[in-house]
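Worksheet for the structure shown next.
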Amino acid sequence: MILGRQETEGVLGAQLVSNDGGFRNFVNMGPAQTWLTSINLQTALWKGVPLAVYVDVGWTSYDPTQTIYGMGATIVVVKNLFEVYLPFYTSTGAIHSAYERNIRFMLNLTEINPFKLLNNIPH
């Protein structure tokens, strides 16, 4: 469910949909009309702490020699249901200006199952 389907700014415009290679940062990949290949990695920093780091790397048919990447931290509020992505760095450089406009979130309402939800809350 996309809350702000047509939004490009504000909180609703920051909702992440896992398409376009699954990049969690806003990255400029050009018009990938033929193919897009990406690798998305995420790992928890400490067991029981709802904080993880992520790295997304990809290549497109637009310029196969250019590596596109983004990295940052994830606040895992409820795993696979609600997560907040805090970017650190992208292939275009460090994120300094208007940092809050680069924060993204994932809200996956299809995962709502009351019994399963209780098991996914970090302890």
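First residue of the sequence shown? That's 58 in this note's numbering, and the numbers climb one at a time after it. Beta carbons are placed, not taken as given, at the ideal position from N, Cα and C, and that holds for glycine.
Self-check item: Assigned secondary structure, F172 (DSSP; H/G/I helix, E/B strand, else coil)
Solution: helix
Practice problem: From the DSSP output, read off the bridge partner residues of G127. | Solution: D113, T147
Quiz prompt | Sheet register partners of F139 (DSSP bridge) | solution = V135, L164
Self-check item: Contact set for V114: own chain, Cβ-Cβ below 6 Å, skip 5 residues either direction
Solution: I96, Y126
Practice problem: Tell me L102's beta-bridge partners as DSSP assigns them. | Solution: Paired residues: none, contrary to the question.
Quiz item: Do T131 and A109 have their C-beta atoms within less than 8 Å of each other?
Solution: yes
Practice problem: Look up N159 in the DSSP assignment and say whether it is helix, strand or coil. | Solution: helix
Exercise. Going by CA-CA distance only, name the one from T100, V135, T91, T124 that's closest to V84.
Key: T124
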